[in-house]
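Undergrad: Below you'll find the structure I mean.
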Amino acid sequence: MHIPDGYLSPTTCAALYASSTPFWYLSLQKMKRRLNTQAVPLLSVFAAFSFVIMMFNLPLPGGTTGHAVGVGIATIVLGPWGSILAISVALIIQAIFFGDGGITAIGANCFNMAIVGSLVSYAVYRLIAGNAAIESARRVIAASIAGYCAINASALLASIEFGIQPRFFHDASGSPLYAPYPLHIAIPAMMIGHLTVAGLAEMVVSGGVVAYLQRAEPALLKATAPGASIIGEAKSGTKPLWIALAVLLIFTPLGILAAGAAWGEWVPSDFSTPRARQQIAAASGNQAPPIEAPSGLKRLSSVWTAPMPRYAPPILKSERLGYILSAMVGTGLIVLCFLIGARVFRS
Amino acid sequence: MTFVERTIGGLSKGMSFAALADDSARADGALQCVDPRVKLIGMLAMIVSVAVTHSLLTIAGVFLVGLSLGIASRISPLDLSRWVWSPVLLFSGFIALPAIFITPGAPIHAGWPITQQGLRTASFLLLRAEAAVTLSTLLVLTTRWAHILKALRVIRVPVVFVVILGMTYRYLFLILETALDMFESRASRTVGVLEPADRRRLATATVGVLLSKSYHLSNDVHLAMQSRGFRGEVYLLDDFEIQLSDWAWLMCFFAVATIVIWMGR
Numbered sequence: 000m001h002i003p004d005g006y007l008s009p010t011t012c013a014a015l016y017a018s019s020t021p022f023w024y025l026s027l028q029k030m031k032r033r034l035n036t037q038a039v040p041l042l043s044v045f046a047a048f049s050f051v052i053m054m055f056n057l058p059l060p061g062g063t064t065g066h067a068v069g070v071g072i073a074t075i076v077l078g079p080w081g082s083i084l085a086i087s088v089a090l091i092i093q094a095i096f097f098g099d100g101g102i103t104a105i106g107a108n109c110f111n112m113a114i115v116g117s118l119v120s121y122a123v124y125r126l127i128a129g130n131a132a133i134e135s136a137r138r139v140i141a142a143s144i145a146g147y148c149a150i151n152a153s154a155l156l157a158s159i160e161f162g163i164q165p166r167f168f169h170d171a172s173g174s175p176l177y178a179p180y181p182l183h184i185a186i187p188a189m190m191i192g193h194l195t196v197a198g199l200a201e202m203v204v205s206g207g208v209v210a211y212l213q214r215a216e217p218a219l220l221k222a223t224a225p226g227a228s229i230i231g232e233a234k235s236g237t238k239p240l241w242i243a244l245a246v247l248l249i250f251t252p253l254g255i256l257a258a259g260a261a262w263g264e265w266v267p268s269d270f271s272t273p274r275a276r277q278q279i280a281a282a283s284g285n286q287a288p289p290i291e292a293p294s295g296l297k298r299l300s301s302v303w304t305a306p307m308p309r310y311a312p313p314i315l316k317s318e319r320l321g322y323i324l325s326a327m328v329g330t331g332l333i334v335l336c337f338l339i340g341a342r343v344f345r346s
Numbered sequence: 000m001t002f003v004e005r006t007i008g009g010l011s012k013g014m015s016f017a018a019l020a021d022d023s024a025r026a027d028g029a030l031q032c033v034d035p036r037v038k039l040i041g042m043l044a045m046i047v048s049v050a051v052t053h054s055l056l057t058i059a060g061v062f063l064v065g066l067s068l069g070i071a072s073r074i075s076p077l078d079l080s081r082w083v084w085s086p087v088l089l090f091s092g093f094i095a096l097p098a099i100f101i102t103p104g105a106p107i108h109a110g111w112p113i114t115q116q117g118l119r120t121a122s123f124l125l126l127r128a129e130a131a132v133t134l135s136t137l138l139v140l141t142t143r144w145a146h147i148l149k150a151l152r153v154i155r156v157p158v159v160f161v162v163i164l165g166m167t168y169r170y171l172f173l174i175l176e177t178a179l180d181m182f183e184s185r186a187s188r189t190v191g192v193l194e195p196a197d198r199r200r201l202a203t204a205t206v207g208v209l210l211s212k213s214y215h216l217s218n219d220v221h222l223a224m225q226s227r228g229f230r231g232e233v234y235l236l237d238d239f240e241i242q243l244s245d246w247a248w249l250m251c252f253f254a255v256a257t258i259v260i261w262m263g264r
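So, in structure tokens, the structure goes:
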């Protein structure tokens, strides 16, 4: 996606330099205000890190390999303004020193990858991650999708920049002077590669590194997770929820006080009991129920017998105790399922 | 382990180019003696002229000027071909090739699918990319990086940005070497072929470790800078001195750029 010299007209290059300049200025001011003396070394070392990441060959699903820009992970660790500067510096060094991307196209490359990439990545990450805990699997998913969306938004912009060239810049004979393909060719040509290989590379690196940092260095994920709790704090954060759950368990016998029967929650024997028949009729707008239980209900209700039918374990005489015990067993089973699921997903 | 070997290859290539650039910038050639500010402005002017011109002949002329300057600066055309021309030819050639056939226009010969306009647009793309990258590479191969950065002040790049660029370049090689060591040590410990999922886990964990190391390094650098009196203000020692010969070079660069733009209107 590094646009070389000669692909964009000088007018397009100048417009994109002009569009990038306010973002560079704003980012620098914000970083200096936030970090003061730390801004220069932090941005320098992270720009060097971003540069090296762009050289990594990442193994992707399907057996292929691809290069990532690292804009997703840079945004998550540094925030959007820091990422704009770090990725821009890496792109400038790539263009000037290694000839990867043109000098006249530095503004375009920085605008597409550093500026739009960082802002899209930040918006998507914050939107999906919300206030989830730092070690939450949701943050891994959010980072993966953020990286994928960022690189594809950058690619789309680049393809639009390519696609408008032949329309506006051609000589008298009609030969395009710069990128030769119109929008209907440039957009699919760029997007196919980015929706598959390059997007996946960014997805793997963003999600994978966030998963690694959650285990090894969660503090690095705090910059873009202002409302989130960190490992250790997360446990104390859920304490009120556990207390509320215990209170609800104690109050479960309140269900016994409810009058009547829940509509549709009938067993075959209810149809032959006069009291239950009255309740069914009352709950059904005074429509009399059939004399016998429907045959389908009779047949299917015997397929599975619950160990604690009607929240009343056979071993207990007290209806209240049975309700509390059923609530505890049910809640315990749900929590156990989630714990097993979380362990399986994390491993 | 193919991806590890490929990554090692890529990282080593980057370091080799940096070593070549450093050696070549210290050599005794024509462009090495020119003031870095003059070279920076001159090369930028020629690159812009290549982007502006509408004439294939003038772009080819700039390319030849670049080649001659390279030879006069003791930069082997073989090195230029290996580091610059071949990769650009491969990349831009791949992109330009379909344009020869699908650009609407008059066929170059009756019955042939190649159009004159297609051939012309593909030549523009290829020649512009080759000429511009030759000029920017000449700048890098004949000027020490620290001098290029100082010269950036001439085009009003903010001091703090110049300092960040300079520090990035310095730590780039440290991080490159760290990454190289990590991959080499992993390659030397691994027997057999890793499963695809393990390869991905290894790659992302390596990036994660590198990120963590970079963060701690930036903290150490910050403390070292503070202990030496850094309070957020940055200064550059501007010790360049422009000679009469530098003015002559500047005139030549501007003359070439002006001719190219004028001829290719």
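Residue numbers (numbering that gives the first Met the number 0), protein chains in the order written: chain A, 0 to 346; chain B, 0 to 264. Even glycine gets a Cβ: it sits at the ideal position worked out from N, Cα and C. Since we're looking at a predicted model, the values are computed, not measured.
#1: Whose C-alpha, out of B/T133, B/V51 and B/F62, is nearest the C-alpha of B/R81?
#2: Given A/A233, which residues of its chain have a CB within under 7 Å of its CB, disregarding the five upstream and five downstream residues?
#3: Identify each residue in the region 18 to 38 of chain A for which the Cβ-Cβ distance to at least one residue of chain B is less than 7 Å, and report them in chain order.
#4: List, in order along the chain, the chain B residues whose C-beta lies closer than 7 Å to that of A/L176?
#5: Just checking my contact of B/S72 with B/L30 at CB under 8 Å: how many whole Å lie between their CB atoms?
#6: Between the region 168 to 180 of chain A and the region 108 to 115 of chain A, are three or more C-beta pairs nearer than 8 Å?
#7: Under 7 Å Cβ-Cβ, which residues of chain A neighbour B/I113?
#8: Which partner residues of A/H169 appear in the DSSP bridge assignment?
#9: Are the C-beta atoms of B/C251 and some chain A residue less than 9 Å apart?
#10: From B/A145 to B/V83, what distance separates their C-alpha atoms?
#11: Below 8 Å, how does it come out for the region 184 to 194 of chain A and the region 149 to 169 of chain A: are there three or more Cβ pairs, yes or no?
#12: In chain A, what lies closer than 7 Å to B/Q116 by C-beta?
#13: Let me know the beta strand (DSSP E) ranges lying completely inside the region 92 to 163 of chain B, each 3 residues or longer, listed in chain order.
#14: Do B/T141 and B/I74 have their beta-carbon atoms positioned less than 9 Å apart in this structure?
#15: With DSSP run on the structure shown, which of helix, strand or coil describes B/N218?
#16: I want to know whether the region 67 to 76 of chain A touches the region 195 to 206 of chain A - three or more CB-CB distances under 8 Å.
#17: In angstroms with no decimal places, state the Cα-to-Cα distance between A/A171 and A/A210.
#18: Does any residue of chain B have a CB that is nearer than 9 Å to the CB of A/T103?
#19: What is the DSSP secondary structure of A/A287, counted as helix, strand or coil?
#20: Identify the contact partners of A/Y121 in chain B, using a Cβ-Cβ distance below 8 Å as the criterion.
#21: Taking DSSP as the reference, what is the three-state secondary structure of B/V61?
#22: If we cut at 9 Å on Cβ distances, does B/S211 have a partner in chain A?
#23: Using only CA atoms, which one of B/V47, B/A109 and B/A59 lies nearest to B/S122?
#24: Just mark A/Y24 as buried or exposed, buried being the case when its beta carbon has 16 or more other beta carbons within 10 Å.
#25: For A/A287 and A/P308, I'd like the C-alpha separation in whole angstroms.
#26: Note down the Cα distance separating A/T74 from B/P97, rounded to an integer number of angstroms.
#27: Go through its chain and collect everything with a Cβ distance to B/L179's Cβ below 6 Å, but skip five positions before and after it.
#28: Using a Cβ-Cβ cut-off of 9 Å, state whether A/S43 counts as contacting chain B.
#29: Suppose only complete runs of 4+ residues qualify. What are the alpha helix (DSSP H) ranges in the region 189 to 233 of chain A, listed by chain order?
#30: For B/G110, count neighbouring C-beta atoms within 10 Å of its own C-beta (all shown protein chains included) and say buried if the count is 16 or more, exposed if not.
TA: Looking at the atomic coordinates:
#1: B/T133
#2: For A/A233, the pLDDT reaches just 47, beneath the cut-off of 50, and the residue's location in the model is therefore unreliable, although a value from the coordinates is still provided. Cβ within range, chain order: A132 and E134.
#3: L27, N35, T36 and Q37
#4: Around A/L176, the beta-carbon contacts reaching into chain B at under 7 Å are H53 and F123.
#5: 4 Å
#6: The region 168 to 180 of chain A, when compared against the region 108 to 115 of chain A, does not touch it at the 8 Å Cβ threshold.
#7: Within chain A, no residue comes near B/I113; the closest Cβ sits about 13 Å away, beyond 7 Å.
#8: A/P175
#9: With 9 Å as the cut-off, B/C251 does not count as an interface residue toward chain A.
#10: In a straight line, the C-alpha of B/A145 is about 22 Å away from that of B/V83.
#11: yes
#12: S172, G173 and S174
#13: none
#14: Result yes, Cβ atoms of B/I74 and B/T141 sit closer than 9 Å.
#15: helix
#16: yes
#17: When rounded, the distance between both Cα atoms is 56 Å.
#18: yes
#19: coil
#20: The premise fails here: A/Y121 is roughly 17 Å from chain B at the closest Cβ pair, so nothing lies under 8 Å.
#21: helix
#22: yes
#23: When the alpha-carbon of B/S122 is set against those of B/V47, B/A109 and B/A59, the nearest one is in B/A59.
#24: exposed
#25: 26 Å
#26: Straight-line Cα distance between these residues: approximately 37 Å.
#27: L10
#28: yes
#29: Positions of the alpha helix (DSSP H) runs, each at least 4 residues long and wholly inside the region 189 to 233 of chain A, are given as 198 to 215 in order along the chain.
#30: exposed
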